[in-house]
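Here the sequence shown is numbered in this note's numbering, starting from 240 and rising by one per residue.
Each residue gets a CB set at the ideal place from its N, CA and C atoms; glycine is no exception.
Contents: one structure, followed by commentary.
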Amino acid sequence: MLRLETQDIMNIAKKQIASIFKMEPLELKFVSDFKNESYLLTDDKLHLSNQHYWAKVMDCVFENQVRPVLMCEVLYFLRSEFMESDIKLLFSFDMSEGGDRTATATAEVQFNDTPELDRGDIAELIDLALTLQDKQWFEELTAKYNLLSA
Numbered sequence: 240m241l242r243l244e245t246q247d248i249m250n251i252a253k254k255q256i257a258s259i260f261k262m263e264p265l266e267l268k269f270v271s272d273f274k275n276e277s278y279l280l281t282d283d284k285l286h287l288s289n290q291h292y293w294a295k296v297m298d299c300v301f302e303n304q305v306r307p308v309l310m311c312e313v314l315y316f317l318r319s320e321f322m323e324s325d326i327k328l329l330f331s332f333d334m335s336e337g338g339d340r341t342a343t344a345t346a347e348v349q350f351n352d353t354p355e356l357d358r359g360d361i362a363e364l365i366d367l368a369l370t371l372q373d374k375q376w377f378e379e380l381t382a383k384y385n386l387l388s389a
């Protein structure tokens, strides 16, 4: 598992935005206008996760325009960077009175690197384990094969 912090996520977003829009963003800044989302507040912090797919989380400033960046877009940027992975994205916004309105972002990237094997694939690996005379691997593969056969 890989854990990304705010700056890592911002760097990836800038890179992906520049690639997609063929324009370099001047700035990415977090938004703080969550008037209708007060029900999401916990201890003066607003937390947004993958389930808040359509929430606006940032503004992307270009030379001649400002474009909103949605949570789903940030997820897309991260998935483009880390193919074949599951990503848990969390944005936290400080909404306390007199607070500095800071925002943080974290992402946990879980790679899908466990192949799904069918009975035929496992049978071939069993043959390989026998050829290599690897008893432990043979036993593990045989147990998996028997589970799939049941």
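Check, Outcome
"CA nearest to the CA of residue 306, picked from 290, 265, 344, 281", "265"
"Nearest-angstrom Cα separation, counted from residue 327 out to residue 390", "The structure shown does not extend to residue 390, since the chain spans only 240 to 389, so no value can be given for it."
"Inside the region 341-372 only - alpha helix (DSSP H) runs reaching at least 4 residues", "358-371"
"Residue 302 in three-state terms, based on DSSP", "coil"
"Close-in-space but distant-in-sequence residues of the same chain around residue 270 (CB under 7 Å, 5 per side omitted)", "295, 296, 297, 298"
"Short Cβ contact (9 Å threshold) for residue 252 with residue 316", "yes"
"Per-residue DSSP class, three states only, for residue 261", "coil"
"Residue 259 burial status per 10 Å Cβ neighbour count (16 or more: buried)", "exposed"
"Exposed unless 16 or more other CB atoms sit within 10 angstroms - verdict on residue 240", "exposed"
"Near the ligand ATP: residue 318 beta-carbon under 8 Å from a heavy atom", "Of the ligands one can find in the structure shown there are none, so the ligand ATP has no counterpart to examine."
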